[in-house]
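Residue numbers (the working numbering): 7 to 382.
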């Protein structure tokens, strides 16, 4: 599952549809769970409830359906004014020993929420019994510049190293989830081992690769890539908010679709080689079946309907970055952890998945017993 702050509510809606599409007493079809950023939180929750997929989705629905910004980061006037004061102080007095703050927002509330509602011990227990083959969480190392996939799984799994990306076996903790979802500049980097890590969507050039390294033969992907909005004539140079939203879109939305295209080209090559080989032996490559679901509507455009749900303090600061004093939809959509917006995205994810119910049922139903089916 890919990331994108509040956009990950869309994934929960799609999951609600999946448990409805599957037979009532069907076994969990997923045995490998791979996530990045907010998607990492969703996928580890599913892995912790691998013995009851329906219950895991209910838990996610309850949390996302009642979200408030204050449950994710401190958004009151006191905290935001203190942060702004530290930034101004650092800008003007930095050479006299006041360091520039590493983040705009304090995520202590999210850490408390995860500690209360997410049982990583249950996830580990399911791995130990073999119910879950592997779980991975991807973060970006500010120290090495690499995309690092931390994974916990079956004993036979081994680490990997490719250009600018590595896979490392470890026991996944809350720190890994916080690191994977630490949007740059917005949330502070997280220390893991000898390095500092931020949002896993940064420098993640091959988001599907972790599942394949962990043994997946089939991939079920829930992305949050929105269809492009209509381009309007610019009214002037972009505001700081528009530039920030553009940067976040580039981080979160580009690599998954490119990797899906790459996978399809490889599958086409495998099929062509098999036809050319005419049954004369293995070509040494395997086709990887993949089902990918994406939003049918632009999530940033939906955010325009819910700006007023943001705390007044956050609206003020986001509006100050925009040209007309109203928060930029692309930027604010990542931070709109408010139940109205989250429920709207969940409803969209549910509707999109139900429109594809036949294809999803055909993709999942024959493979309930396969350990190679990955959710990501």
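Glycine is no exception: its CB is placed at the ideal position from the N, C-alpha and C atoms.
>> To the nearest angstrom, how far is the alpha carbon of residue 212 from that of residue 219?
In response: One-based indexing of the chain shown puts residue 212 at position 206. One-based indexing of the chain shown puts residue 219 at position 213. Here the C-alpha atom of residue 212 lies approximately 11 Å from the C-alpha atom of residue 219.
> Whose C-alpha, out of 72, 75 and 48, is nearest the C-alpha of residue 62?
Replying inline: Within the chain shown, the letter at position 56 stands for residue 62. Ranked by Cα distance from residue 62, the first of 72, 75 and 48 is 48.
> Count the other CB atoms within 10 Å of the CB of residue 271; is the residue buried (16 or more) or exposed (fewer)?
Replying inline: Counting from 1 along the chain shown, the entry for residue 271 is found at position 265. By the neighbour-count rule (16 or more Cβ atoms within 10 Å), residue 271 is not buried but exposed.
> Mapping DSSP to helix, strand and coil, what is residue 77?
Replying inline: For the purposes of this step, residue 77 is taken as the residue at position 71 of the chain shown. Under the three-state reduction of DSSP, residue 77 is assigned to helix.
> Do residue 141 and residue 20 have their C-beta atoms closer together than 7 Å?
Replying inline: Looking up residue 141 in the chain shown gives position 135. Looking up residue 20 in the chain shown gives position 14. For residue 141 and residue 20, no; Cβs fall outside 7 Å.
> In angstroms, rounded to a whole number, what distance separates the CA positions of residue 171 and residue 153?
Replying inline: Translated into the one-based positions of the chain shown, residue 171 becomes position 165. Translated into the one-based positions of the chain shown, residue 153 becomes position 147. So the two alpha carbons sit approximately 5 Å from each other.
> Contact between the segment 314 to 324 and the segment 79 to 96: three or more CB pairs below 8 Å?
Replying inline: Yes, they touch.
> Would residue 29 be called buried (16 or more neighbouring beta carbons within 10 Å of its own) or exposed?
Replying inline: Residue mapping note: residue 29 aligns to position 23 of the chain shown, counting from 1. Residue 29 should be labelled exposed.
> Around the Cβ of residue 118, are there at least 16 other Cβ atoms within 10 angstroms (buried) or fewer (exposed)?
Replying inline: The sequence position of residue 118 within the chain shown is 112, counting from 1. Exposed, by the Cβ-count rule.
> So the beta strand (DSSP E) residue 202 belongs to, where does it begin and stop?
Replying inline: To locate residue 202, count along the chain shown from 1; it is residue 196. Per DSSP, residue 202 belongs to the beta strand (DSSP E) from 201 to 204.
> Apart from the five residues on each side of it in sequence, which residues of its chain come closer than 7 Å, Cβ to Cβ, to residue 375?
Replying inline: Mapped onto the chain shown, residue 375 falls at position 369. Confidence at residue 375 is low in this model, with a pLDDT of 47, below 50, so the placement of that residue is unreliable and no value is reported for it.
> On the three-state DSSP scale, how would you describe residue 50?
Replying inline: As a working mapping, residue 50 is identified with position 44 in the chain shown. Note: residue 50 maps to helix in three-state DSSP.
> Helix or strand or just coil, what does DSSP make of residue 113?
Replying inline: Walking along the chain shown from the start, residue 113 turns up at place 107. DSSP places residue 113 outside both helix and strand once states are collapsed to three, so it counts as coil.
> Terminal residues of the continuous beta strand (DSSP E) containing residue 38?
Replying inline: In the chain shown, the residue the question calls residue 38 occupies position 32. In the DSSP assignment, residue 38 falls within the unbroken beta strand (DSSP E) covering 38 to 42.
> Smallest Cα separation from residue 191: which of 138, 200 and 89?
Replying inline: Within the chain shown, numbered from 1, the residue matching residue 191 stands at position 185. Proximity to residue 191 across 138, 200 and 89 peaks at 89, based on C-alpha coordinates.
> Is the segment 341 to 354 close to the segment 305 to 315, with three or more CB pairs under 8 Å?
Replying inline: When Cβ pairs closer than 8 Å are counted between the two stretches, the segment 341 to 354 is seen to touch the segment 305 to 315, the count reaching three or more.
> Excluding sequence positions up to five away, which residues of its chain have a Cβ less than 6 Å from the Cβ of residue 263?
Replying inline: Position 257 of the chain shown, counted from the start, is the residue given in the question as residue 263. If you ignore the 5 residues before and after residue 263, its C-beta comes within less than 6 Å of the C-beta of 231, all in its own chain and listed in chain order.
>> Please report the straight-line C-alpha distance between residue 144 and residue 216, rounded to a whole angstrom.
In response: Here residue 144 refers to the residue found at position 138 when the chain shown is read from its first residue. Here residue 216 refers to the residue found at position 210 when the chain shown is read from its first residue. Rounded to whole angstroms, residue 144 to residue 216 spans 9 Å at the Cα level.
> Could you give the distance in angstroms between the alpha-carbon of residue 33 and the alpha-carbon of residue 91?
Replying inline: Within the chain shown, residue 33 is the residue found at index 27, counting from 1. Within the chain shown, residue 91 is the residue found at index 85, counting from 1. Taking C-alpha positions only, residue 33 is separated from residue 91 by approximately 53 Å.
> How many angstroms separate the CA atom of residue 238 from the CA atom of residue 18?
Replying inline: Along the chain shown, one-based indexing puts residue 238 at 232. Along the chain shown, one-based indexing puts residue 18 at 12. Here the model assigns residue 238 a pLDDT of 49, short of 50, so the residue's position is not dependable, and the following value carries that caveat. Using only the alpha carbons, I get a separation of about 32 Å.
>> So, at 7 Å on beta carbons, what are the nonlocal neighbours of residue 183 in its own chain, with the 5 sequence-adjacent residues on each side left out?
In response: Locating residue 183 in the chain shown gives position 177, where the first residue counts as 1. These residues qualify, in order along the chain: 46, 47, 50, 120 and 143.
> What three-state label does DSSP hand residue 323 in the structure shown?
Replying inline: Indexing the chain shown from 1 puts residue 323 at position 317. DSSP places residue 323 in the helix class (H, G or I) of the three-state scheme.
> Could you give the C-beta distance for residue 389 and residue 365, rounded to a whole number, given that I count them as a contact under 8 Å?
Replying inline: The chain is shown from 7 up to 382; residue 389 falls before or after that span and cannot be answered.
> Relative to the alpha-carbon of residue 355, which residue among 10, 14 and 294 has its alpha-carbon at the smallest distance?
Replying inline: Working through the chain shown from its first residue, we reach residue 355 at position 349. Nearest option by C-alpha distance: 14.
> Under a Cβ-count criterion, where at least 16 other Cβ atoms within 10 Å of its own Cβ denotes burial, should residue 277 be classed as buried or exposed?
Replying inline: As a working note, residue 277 is residue 271 in the chain shown. Residue 277 should be labelled exposed.
>> Do residue 198 and residue 181 count as a contact pair if the criterion is CB distance below 7 Å?
In response: The residue you call residue 181 lines up with position 175 of the chain shown. The residue you call residue 198 lines up with position 192 of the chain shown. Cβ atoms of residue 181 and residue 198: closer than 7 Å.
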